[in-house]
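What follows is a set of notes on a single structure, which appears directly below.
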Amino acid sequence: MANKGTYYITTPIYYPSSNLHIGHTYCTVMADAMARFKRLQGYDVHFLTGTDEHGQKIQTKAEEAGVTPKEYVDNVVAGIKDLWKTMEISYDDFIRTTEPRHMERVQKIWKRMYDKGDIYKGAYEGLYCKECEAFWTETQAVNNVCPDCGRPVQHASEEAYFFKLSNYADKILKLYDEHPEFLEPETRRNEMRNFINQGLEDLCVSRCTFDWGIPVPNDPKHVMYVWVDALSNYITALGGPDDSEEFNKYWPADVHLVGKEIVRFHSIIWPAMLMSADLPLPKKVLGHGWLLLGGEKVSKSKAAKGMDVVDPVILIDRYGIDALKYFLLREYTFGQDGNFTNEVMLKRINFDLANDLGNLLSRTVSMIEKYCGGVVPQAKTHDETDEDLKNIAVSAASKVSDEMDKFAFNMALERIWTVVRRANKYIDEKAPWILAKDEAKKDELDTVMNHLAETLRIVSILIYPFMHTTSEKIRKQLGIEGDIIWEDSEVFNMMNGEQVKKGEQIFPRLDVEKELAELTKIAEEEAAKKAAGAVQDPVEKAIAESVPLKLKDEIVYGDFDKMDFRVGTILKAEKHPNADKLLVFQVKMGTEVRQVISGVADSFTPEEMVGKKVVVVANLKPRMLRGLESHGMLLFAGDDGRNFVVTTDAPDGEIVS
Ligand code: MSP
């Protein structure tokens, strides 16, 4: 296949502040379909996604959960990666902003902007939205409320670095004029023009009231503003800003797909940063609309009210990956908001997938089995109806390509379904069950079977970027072997002699009423769980969830009182000469120094144990361990190979009781 050049597509990097919902999957599903489509067209595609892990919001969330920010994000990011794996998202790279490769390279970008004279130190006075990690002026944040998310903003006053964004206002307006394709849809471009025309202020690009971020070079008490950190991911993941093979190959990006509320960052701040760092600009920023729930943006807090199930994992479990992807791509118009309800989703799956596509396949395969012994026949006759079906089928690919060029995923699918629906109508028009009754009509019957198989073969190619598993299932039932080649969807004479094999319904018909009732129940249960979690005090919650430990037999105080525990300091630690698992310690307990041996060589090096305070079972009878005496025992927590020292602040020699 001819290589048509490179194609670099990105999604936003998601905040790992909590698990993702269906609204987040929307953008990634579109990016995945586009990446698969371009690969099929012969492009060398690079598809990047990732997570945006720094910032005050994450730090606060981690504190609330009682873990470090890194522990917090590691946990959520693992869930996000699992979700993309479940959804078979074909990304080529996943960037985490906590990775060293990213952090080092962002500092280089910062340095470039600083050396250009675009970053200076000043004092920040203003309003900050923690949720959106955005600064606002008094005029923008009417009633002290963030204009993007509606949450209260906080007054912030601190020493900070600023980026001379104001210097770039004219250059960005010129960019929109000379390259209108840089920012689409047009409505977003007009919004951004208005925003800039109201006056661009310099951007505060550092914070010093928290430390979960990338340190500012040469001034590490400041961390970088999270958007400077996050936007840079698009080039750091490739090895930029310095020359590197991938960076030279794929940058500038062909398209950044982003939600409408973050278009401002991508189409004003990002190009200004790149201009300042003397780097090429991305070719296109595309702002998509939101999935709405009850008229408002789908979010975890809306979901908590329990209207519809928005957890993609639950929906995939019930209806399959391809059904969910199809629904997202078919139902919504790029750039516009659209309402999400479980009912709309179920009806779409039932009508388009179970009825139209599923039935076409199962009817075709059954008829080829029944009338042609399971073997796809050659076409032998030809009339206007055959010609019409053929024309519609072979001309679909170029129409799908045109729609994909416009990111009109819904229209691309509509073009494919025009073929599917035409084929269903063709069955009704040709009535093969009647042809089958007349031996003289055998050739005509063969033609009908051949044309249906041909049409489904074409459909299997066209749907591949959107639903590759379904495409493979269709091909398997039709006995088609070999790779999917896009150009094969423009010809109509490839099927002859394939052995068909009926399989399961690719999309079983759903009982919409029953499903709706079950989904509502699930949504309510989830909401109840969340509401309980939200109001409950964490200690009360821990008490309520407490599960008794499995312990050894109960003892009485006298048993315990027999033991003499003392605080010790490890003066010396060495490996046991005759046993790999043992460490030999010289432990000082007040006036006495003892030799004690412990089986912890898998967990500690001798060097790291020296100087540690330990608790010693001091009246334990001495015993020989591989030729050396051990007098007493040190206390450790944990299991074999994963030990933690039981330690104390008390001076050595103190009694532990
Ligand atoms: N971390 C930033 C992006 C940095 S990119 C350099 C961020 N993260 S986010 O997790 O809050 O949002 C990521 C994307 O998900 C955004 O493009 C946002 O528009 C999208 N969506 C979140 N909820 C959505 C809907 N309900 N509907 C459609 N997309 C939505 O912003």
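The numbering of the sequence shown is our numbering, which starts it at 48 and goes up by one.
Just so it is clear, CB atoms sit at the ideal spot from N, CA and C, and this is done for glycine as well.
Spatial neighbours of residue i within its chain, please: CB distance less than 8 Å, with the 5 preceding and 5 following residues excluded, ordered by chain position.
i: Y73; result: H335, L338, L375, Y379
i: A713; result: The requested residue 713 is not part of the displayed model; the chain covers only 48 to 704.
i: K549; result: S409, V412, S413, E416, Q524
i: P39; result: Beyond the ends of the chain as shown, which are 48 and 704, falls residue 39; an answer cannot be given.
i: K622; result: L629, L630, V631, A648, P653
i: K158; result: P264
i: L557; result: Y366, L393, I396, N397, A401
i: G13; result: The structure shown does not extend to residue 13, since the chain is modelled only from 48 to 704, so the question has no answer here.
i: L563; result: N389, E390, L393
i: V88; result: Note on identity: in this sequence residue 88 is Gln, with Val being the wrong assignment. Taken in chain order, the residues that qualify are K51, S448, W533.
Can you grab the Cα-Cα spacing for the pair residue i / residue j, in whole Å?
i: E16; j: N122; result: Residue 16 cannot be examined here, being either before or after the span of the chain that is shown, 48 to 704.
i: N280; j: S650; result: 37 Å
i: L189; j: R198; result: This sequence places Val at residue 189; Leu is not what is there. Computed Cα separation, rounded: 11 Å.
i: Y55; j: A284; result: 12 Å
i: F94; j: Y272; result: 25 Å
i: N457; j: G113; result: 44 Å
i: I105; j: P327; result: 31 Å
i: N543; j: A443; result: 22 Å
i: E461; j: L407; result: 16 Å
i: A455; j: D449; result: 9 Å
i: Q552; j: N402; result: 11 Å
i: Q154; j: I261; result: 8 Å
i: D140; j: L304; result: 16 Å
i: S346; j: P329; result: 29 Å
i: E343; j: F387; result: 10 Å
i: S704; j: V647; result: 25 Å
i: W183; j: S518; result: 48 Å
i: Q383; j: V310; result: 14 Å
i: D266; j: L212; result: 21 Å
i: W274; j: V640; result: 57 Å
i: G246; j: Y215; result: 11 Å
i: Y175; j: F312; result: 15 Å
i: G526; j: K117; result: 50 Å
i: P29; j: A500; result: Residue 29 lies beyond the range of the chain shown here (48 to 704); nothing can be said about it.
i: T694; j: Q642; result: 18 Å
i: V538; j: H429; result: 16 Å
i: I463; j: V447; result: 7 Å
i: L278; j: Y90; result: 25 Å
i: D435; j: W480; result: 21 Å
i: D608; j: L675; result: 29 Å
i: E111; j: Y119; result: 10 Å
i: W259; j: K561; result: 47 Å
i: K484; j: K472; result: 20 Å
My guess is that residue i and residue j are in contact by the Cβ rule of under 8 Å, so how many angstroms apart are they, rounded?
i: V634; j: G700; result: Actually they do not touch by this definition, with Cβ atoms about 11 Å apart.
i: S323; j: K163; result: 5 Å
i: I396; j: F554; result: 7 Å
i: I617; j: M671; result: Contact doesn't hold; Cβ gap of about 21 Å is too wide.
i: K477; j: T432; result: 7 Å
i: I127; j: Y61; result: 6 Å
i: V466; j: I505; result: 7 Å
Less than 8 Å between CB atoms is the rule here; does residue i satisfy it with respect to chain B?
i: D121; result: Given the protein chain composition of this structure (a single chain), no chain B is represented.
Go through its chain and collect everything with a Cβ distance to residue i's Cβ below 6 Å, but skip five positions before and after it.
i: R377; result: N457, L460
i: M160; result: I166, S323, A324
i: K85; result: Y54, V92
i: A665; result: D611, R613, G679
i: A620; result: L630, F632, P653, M656, V657
i: A426; result: T494, N497
i: G286; result: E293, F294
i: S6; result: Nothing can be reported for residue 6, as the shown portion of the chain is limited to 48 through 704.
i: C419; result: M496
Spatial neighbours of residue i within its chain, please: C-beta separation below 7 Å, excluding the five flanking residues on both sides.
i: V356; result: L362, N389, L566, I569, A570
i: T58; result: C74, T75, A78, T96, L304
i: F210; result: M160, D165, I166, D249, L250, V252
i: L220; result: R240, I243
i: V692; result: K659, V661, F683
Meets three-Cβ-pair contact criterion under 8 Å: the stretch 628-637 and the stretch 591-608: Per the Cβ contact rule, the stretch 628-637 is not in contact with the stretch 591-608 (fewer than 3 Cβ pairs under 8 Å).
Cβ contact check for the stretch 498-511 and the stretch 524-533: 3 or more pairs under 8 Å: For the pair of segments examined, the stretch 498-511 was found to touch the stretch 524-533: the number of CB pairs separated by less than 8 Å reaches three.
Cβ contact (3+ pairs, closer than 8 Å) linking the stretch 64-71 and the stretch 488-504: The count of Cβ pairs closer than 8 Å, one atom from the stretch 64-71 and one from the stretch 488-504, stays below three, leaving the stretches out of contact.
Stretch pair the stretch 134-144 + the stretch 358-369: three plus CB contacts closer than 8 Å: Verdict: yes, contact present.
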